[in-house]
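**Student:** Taking the numbering used here, I'd label the letters of the sequence shown as residues 16 to 358.
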Amino acid sequence: MTAEGEDHARILVVQTAFLGDVVLITPLLRALREKYENSHLVFMGNPAGSVMLEGLSCLDEIIVYDKRNSEKGLAGLRNKASQLREKNFDTVLCAHRSLRSAALLKMAGIPFRVGFSNSAFPWLFNARVPRDPCRHEVERNLALLDPLGGLPQDFDVRLEMSVNASPPGPLSNDNGRKKIGICPGSIWTTKRWPPQKFGEAAKVLAEERNAEVYLLGSEEDREAADMVAEAAGIEVRNLAGATTLAEWTAAMSKMDLIITNDSAPTHIASALQVPVVVIFGPTTPRQGFAPWLNRSRTVEVRLPCRPCGEHGALRCPEGHFKCMELIEAEQVVGAARSLLEEG
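1. Tell me which residues share the same chain as Leu159 and place their Cβ nearer than 6 Å to its Cβ, disregarding the 5 neighbours each side in the sequence.
2. Can you pull the DSSP bridge partners for Gly60?
3. Whole angstroms are fine: how far does the CA of Ile202 sit from the CA of Leu329?
4. Whole-angstrom Cβ separation of Leu230 and Ala244, contact assumed at under 8 Å?
5. Going straight from the alpha carbon of Val292 to that of Ile274, what length do you get?
6. Helix, strand or coil: which one does DSSP assign to His23?
7. With 16 as the cutoff for other CB atoms within 10 Å, does Glu19 come out buried or exposed?
8. Please determine, among Gly232, Ser278, His282, the residue with the shortest C-alpha to C-alpha distance to Ala266.
9. Pick helix, strand or coil for Leu43, following the three-state DSSP scheme.
10. Alpha carbon to alpha carbon, what distance is there between Leu44 and Leu166?
11. On the DSSP letters alone, give me the boundaries of the beta strand (DSSP E) that Phe131 sits inside.
12. Can you find the residues in the same chain that come closer than 7 Å, C-beta to C-beta, to Lys269, ignoring five residues on each side of it along the sequence?
13. For the putative contact between Phe170 and Glu49, defined by C-beta atoms under 8 Å, what is the C-beta separation to the nearest angstrom?
14. On the premise that Ser278 lies in contact with Cys7, defined as a C-beta separation below 8 Å, what is that separation, rounded to the nearest angstrom?
15. Where does Thr17 land, buried or exposed, given buried means 16+ other C-beta within 10 angstroms?
16. Just the C-alpha distance for His282 and Gly60, rounded to the nearest angstrom, thanks.
17. Whether or not the region 335 to 354 and the region 285 to 303 are in contact is what I'm after, with contact meaning three or more pairs of Cβ atoms, one per stretch, closer than 8 Å; do they touch?
18. Among the residues of its own chain, which have a CB less than 6 Å from the CB of Gln30, if the five just before and after it don't count?
19. My guess is that Ala46 and Leu157 are in contact by the Cβ rule of under 8 Å, so how many angstroms apart are they, rounded?
20. Based on Cα-Cα distance, which residue from Pro280, Lys102, Ala226, Leu287 lies nearest to Phe33?
21. By Cβ distance below 7 Å, which residues in the same chain neighbour Ser116 in space, the five residues on each side in sequence not counted?
22. Give the straight-line distance between the Cα atoms of Ile78 and Lys95, rounded to the nearest whole angstrom.
23. In chain order, what are the residue ranges of uninterrupted alpha helix (DSSP H) at least 4 long that sit wholly in the region 189 to 227?
24. Who pairs with Tyr229 in a beta bridge, going by DSSP?
25. Entirely within the region 291 to 328 and at least 4 residues each: give me those alpha helix (DSSP H) ranges in chain order.
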């Protein structure tokens, strides 16, 4: 599978991390399709990540790996390895750096395995690619193609997503008003800008732009969204926890602007080409997860303790949470205004 022109191969791409990570792997999938036009190209991710890529034209198949529930533990690992072995893959490119992913692919007996050199147990891969901390995650993922000869010539490195559902009721008819989507959630507690400040920004933008405000997110984001709605003190449409993942994506596609923490909506908005304002606290854009090839603004404050890790944390290591508390609503409103005026 190392030959530049080899075709009719069976290729697996693995990314079982968070939703944003899955969206950021779509240029790699499209590059593989362009490079190996007649191959059988398969993606494997967790249940939510797999939903995000449904309808992607470059894929022939999606495999769900429910590693935290029905397929957790050693028994689940062995069963999944057996399933993969039956697929007779020639090559796998693994963007996930966990020991579980590396062990699974070795156990599956896939002959040519490409992973990052800073993965857990990197020697389980045949080819190991440096993961450059100074590059964007899209570029780091595309580097997994280096052992296969690199990118196709003149390749378009955009993100891609399909909208596979109708938007929820309030968005089914366009009334001509601007629509601003606010995504106040994040898996990481310290990545969440305070709901009170989201509410302040929502109120200003809604009133000065005669805009509709939509609160978007999962069931886990409902509490934060409720707090934003209360803080805003205006009519908002709170869809957090009230949509499927596909409907959530459809709703985001209808927005004129998204305001979000450093989390999956950043990358979904970029894939859908919806302008986005991203609020960075414990992390920084320079870590490789800034909006990609999209109209965007990032908002952050300079502090010597930033970044305090690759992801967020459950609590501020310094005990002050200044990285979020010092960002004022007017800064976010100003960033939003500039994008809306550009549009």
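Positions of the beta carbon are idealized from the N, C-alpha and C atoms, including for glycine. Here the structure is a predicted model, which means the values were calculated and not measured.
**Tutor:** If we stick to the structure as given:
1. Leu108, Val129, Val144
2. DSSP, once it has assigned bridges, lists Val79 as partnering Gly60.
3. 9 Å
4. Cβ atoms of Leu230 and Ala244 come within 8 Å of each other, at about 6 Å.
5. Going from the Cα of Val292 to the Cα of Ile274 covers about 5 Å.
6. coil
7. Reliability fails at Glu19, whose pLDDT of 44 lies under 50, so the model's placement of it is uncertain and the value that follows must be treated cautiously. By the 10 Å Cβ count, Glu19 comes out exposed.
8. When Gly232, Ser278, His282 are compared, the shortest CA-CA separation from Ala266 is found for Gly232.
9. helix
10. 11 Å
11. 127 to 131
12. Pro182, Leu186, Lys194
13. 7 Å
14. Residue numbering for the chain in the displayed model covers 16 to 358; residue 7 lies beyond these limits and cannot be assessed.
15. Any reading at Thr17 must be qualified, since the residue scores a pLDDT of 45, below 50, and its modelled position is unreliable; no value is offered.
16. 17 Å
17. yes
18. Asp36, Val37, Ile40, Gly60, Ala110, His111
19. 6 Å
20. Pro280
21. Val29, Thr31, Cys109
22. 10 Å
23. For the region 189 to 227, whole alpha helix (DSSP H) runs of length 4 or above, ordered along the chain, are 210 to 224.
24. Gly196, Arg252
25. DSSP runs (the alpha helix (DSSP H)) wholly in the region 291 to 328: none.
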